[in-house]
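The working numbering numbers the first residue of the sequence shown as 183 and each following residue consecutively.
Beta carbons: idealized from backbone N, C-alpha and C, even for Gly.
All remarks here apply to the structure that follows.
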Amino acid sequence: MTANHLSENTDVSELMISEVAGLQRPSQVWTIKGLGADAPFPELKEKLMLFGQFVGDWEMDARYPQPDGTEIRAEGEIHFGWILNGRGVQAIPSGTTVRYYDPKIDAWHSIWISPKQGIVQSFVARKEGEEIVLRGETKEGYPEHWIFSQITPASFHWRAVESHDKEKTWTVTEEMQARRSKP
(Lines of atoms letter the chains of each structure in order from A and count residues from 1; the text may use other names and numbers.)
(Lines give C-alpha, C1' and ligand atoms only; values in the text may rest on other atoms or scores of the structure.)
Protein backbone atom coordinates (compact mmCIF):
# COMPACT_ATOMS: atom_id res chain seq x y z
CA MET A 1 0.00 0.00 0.00
CA THR A 2 1.48 3.37 -0.97
CA ALA A 3 0.31 6.97 -0.75
CA ASN A 4 -0.99 6.59 -4.32
CA HIS A 5 -3.38 3.88 -3.13
CA LEU A 6 -4.96 5.72 -0.19
CA SER A 7 -8.72 5.68 0.06
CA GLU A 8 -11.18 7.22 2.49
CA ASN A 9 -11.09 3.98 4.48
CA THR A 10 -7.29 3.75 4.75
CA ASP A 11 -6.13 3.60 8.36
CA VAL A 12 -2.98 5.72 8.62
CA SER A 13 -1.55 3.51 11.38
CA GLU A 14 -1.96 0.46 9.11
CA LEU A 15 -0.15 2.35 6.36
CA MET A 16 2.74 3.20 8.68
CA ILE A 17 2.99 -0.40 9.90
CA SER A 18 3.00 -1.74 6.35
CA GLU A 19 5.72 0.72 5.35
CA VAL A 20 7.98 -0.26 8.23
CA ALA A 21 7.22 -3.93 7.59
CA GLY A 22 8.87 -3.60 4.20
CA LEU A 23 6.13 -3.12 1.63
CA GLN A 24 8.09 -0.33 -0.02
CA ARG A 25 10.79 -0.09 -2.65
CA PRO A 26 14.17 -1.33 -1.33
CA SER A 27 15.64 2.19 -1.28
CA GLN A 28 12.80 3.40 0.95
CA VAL A 29 13.16 0.44 3.31
CA TRP A 30 16.89 1.10 3.63
CA THR A 31 16.23 4.76 4.45
CA ILE A 32 13.78 3.87 7.21
CA LYS A 33 15.52 0.80 8.63
CA GLY A 34 19.12 1.74 7.85
CA LEU A 35 19.18 5.05 9.65
CA GLY A 36 18.38 3.77 13.14
CA ALA A 37 20.73 1.91 15.47
CA ASP A 38 20.20 0.06 18.74
CA ALA A 39 23.25 1.25 20.64
CA PRO A 40 26.37 3.41 20.42
CA PHE A 41 29.27 2.29 18.23
CA PRO A 42 31.36 0.25 20.74
CA GLU A 43 34.80 1.75 20.01
CA LEU A 44 33.50 5.30 20.57
CA LYS A 45 30.95 4.63 23.30
CA GLU A 46 32.55 6.88 25.93
CA LYS A 47 32.68 9.89 23.59
CA LEU A 48 29.24 9.13 22.12
CA MET A 49 27.54 9.29 25.52
CA LEU A 50 27.85 13.10 25.61
CA PHE A 51 24.64 13.14 23.53
CA GLY A 52 23.84 9.44 23.96
CA GLN A 53 22.72 10.18 27.52
CA PHE A 54 19.63 11.82 26.02
CA VAL A 55 18.49 8.79 23.97
CA GLY A 56 14.84 8.17 24.76
CA ASP A 57 11.60 10.11 24.94
CA TRP A 58 11.19 13.45 26.72
CA GLU A 59 8.36 15.83 27.56
CA MET A 60 9.19 19.52 27.48
CA ASP A 61 7.94 22.91 28.52
CA ALA A 62 9.25 25.60 26.19
CA ARG A 63 9.44 29.37 26.44
CA TYR A 64 10.04 31.72 23.51
CA PRO A 65 10.80 35.31 24.62
CA GLN A 66 9.47 37.89 22.14
CA PRO A 67 11.07 41.26 21.23
CA ASP A 68 8.16 43.15 22.88
CA GLY A 69 8.88 41.52 26.26
CA THR A 70 6.07 38.96 26.09
CA GLU A 71 6.70 35.27 25.69
CA ILE A 72 5.09 32.32 24.02
CA ARG A 73 4.86 29.10 26.02
CA ALA A 74 4.36 25.62 24.63
CA GLU A 75 4.46 21.99 25.69
CA GLY A 76 5.74 19.19 23.52
CA GLU A 77 7.92 16.14 23.11
CA ILE A 78 11.48 15.48 21.99
CA HIS A 79 12.70 12.07 20.89
CA PHE A 80 16.41 11.17 20.75
CA GLY A 81 17.70 7.99 19.11
CA TRP A 82 20.88 6.30 17.92
CA ILE A 83 21.55 6.52 14.17
CA LEU A 84 24.24 5.78 11.58
CA ASN A 85 25.44 2.47 13.01
CA GLY A 86 25.52 4.01 16.49
CA ARG A 87 27.90 6.79 15.48
CA GLY A 88 25.34 9.58 15.81
CA VAL A 89 22.26 10.76 17.70
CA GLN A 90 19.15 12.22 16.08
CA ALA A 91 16.63 14.42 17.90
CA ILE A 92 13.16 15.10 16.58
CA PRO A 93 11.15 17.99 17.99
CA SER A 94 9.56 20.23 15.27
CA GLY A 95 12.39 19.61 12.81
CA THR A 96 15.35 17.29 13.18
CA THR A 97 18.84 17.55 14.55
CA VAL A 98 21.50 15.08 13.45
CA ARG A 99 24.63 14.95 15.60
CA TYR A 100 27.75 12.86 15.17
CA TYR A 101 31.04 12.67 17.00
CA ASP A 102 34.17 13.57 15.00
CA PRO A 103 37.31 12.06 16.59
CA LYS A 104 39.53 14.26 14.37
CA ILE A 105 38.44 17.38 16.28
CA ASP A 106 37.24 15.65 19.49
CA ALA A 107 33.87 17.36 19.11
CA TRP A 108 30.39 16.85 17.70
CA HIS A 109 29.01 18.21 14.44
CA SER A 110 25.34 19.09 14.77
CA ILE A 111 22.97 19.99 11.95
CA TRP A 112 19.49 21.40 12.68
CA ILE A 113 16.96 21.16 9.84
CA SER A 114 13.62 22.95 10.14
CA PRO A 115 11.55 22.92 6.94
CA LYS A 116 8.80 24.87 8.74
CA GLN A 117 11.21 27.73 9.48
CA GLY A 118 13.32 27.30 6.33
CA ILE A 119 16.49 26.78 8.36
CA VAL A 120 19.50 24.51 8.03
CA GLN A 121 21.99 25.37 10.74
CA SER A 122 25.36 23.85 11.69
CA PHE A 123 27.02 23.80 15.10
CA VAL A 124 30.12 22.33 16.71
CA ALA A 125 29.49 20.96 20.20
CA ARG A 126 31.77 20.25 23.14
CA LYS A 127 31.42 19.70 26.85
CA GLU A 128 32.33 22.88 28.74
CA GLY A 129 32.35 22.33 32.48
CA GLU A 130 28.99 20.78 33.37
CA GLU A 131 27.30 22.04 30.18
CA ILE A 132 27.21 20.96 26.56
CA VAL A 133 27.67 24.01 24.34
CA LEU A 134 26.89 24.00 20.62
CA ARG A 135 28.42 26.97 18.81
CA GLY A 136 27.11 28.23 15.49
CA GLU A 137 25.54 31.20 13.74
CA THR A 138 21.97 32.31 13.09
CA LYS A 139 20.79 32.48 9.48
CA GLU A 140 21.54 36.22 9.70
CA GLY A 141 25.16 35.50 10.68
CA TYR A 142 24.99 36.31 14.41
CA PRO A 143 26.79 34.05 16.92
CA GLU A 144 24.38 31.55 18.48
CA HIS A 145 24.90 28.95 21.20
CA TRP A 146 22.63 26.09 22.16
CA ILE A 147 23.35 25.04 25.73
CA PHE A 148 22.35 21.87 27.56
CA SER A 149 22.67 22.35 31.34
CA GLN A 150 21.38 20.99 34.66
CA ILE A 151 21.68 17.52 33.11
CA THR A 152 20.46 14.54 35.14
CA PRO A 153 19.27 11.09 34.00
CA ALA A 154 15.66 12.34 34.31
CA SER A 155 15.83 15.97 33.15
CA PHE A 156 17.80 18.71 31.45
CA HIS A 157 17.55 22.41 30.72
CA TRP A 158 18.21 23.72 27.20
CA ARG A 159 18.49 27.27 25.94
CA ALA A 160 19.37 29.08 22.73
CA VAL A 161 21.19 32.38 23.05
CA GLU A 162 22.44 34.78 20.41
CA SER A 163 24.56 37.93 20.37
CA HIS A 164 24.13 40.96 18.13
CA ASP A 165 27.10 42.89 19.60
CA LYS A 166 30.10 40.65 18.89
CA GLU A 167 29.49 38.41 21.93
CA LYS A 168 29.46 41.21 24.52
CA THR A 169 25.90 40.36 25.57
CA TRP A 170 23.66 37.36 24.93
CA THR A 171 19.88 37.19 24.56
CA VAL A 172 17.84 34.07 25.28
CA THR A 173 15.73 33.29 22.20
CA GLU A 174 14.37 29.92 23.27
CA GLU A 175 14.40 27.87 26.45
CA MET A 176 13.06 24.51 27.50
CA GLN A 177 12.92 22.26 30.49
CA ALA A 178 12.77 18.58 29.55
CA ARG A 179 11.68 15.60 31.65
CA ARG A 180 12.22 12.00 30.62
CA SER A 181 8.89 10.40 29.70
CA LYS A 182 7.70 7.57 31.89
CA PRO A 183 7.62 4.19 30.11
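Per DSSP, reduced to three states, the secondary structure at Glu228 is helical.
Taking 3 residues as the shortest admissible run, the stretch 261–316 contains the following complete beta strand (DSSP E) segments, listed from N- to C-terminal end: 270–274, 278–284, 289–296, 301–310. Leu217 is a Cβ neighbour of Ile265, given a cutoff of 7 Å. Counting C-beta pairs closer than 8 Å gives three or more between the stretch 310–319 and the stretch 329–336, which meets the contact rule. Pairing Ile254 with Lys350, the inter-Cα distance amounts to about 26 Å. One alpha carbon belongs to Phe236, the other to Asp347, and they sit about 33 Å apart. For His346, no beta strand (DSSP E) segment is defined, and its DSSP state is neither H nor E. Taken through DSSP and simplified to helix, strand or coil, Phe233 comes out as helix.
Rounded to the nearest whole angstrom, the C-alpha separation of Ile301 and Lys321 is 7 Å.
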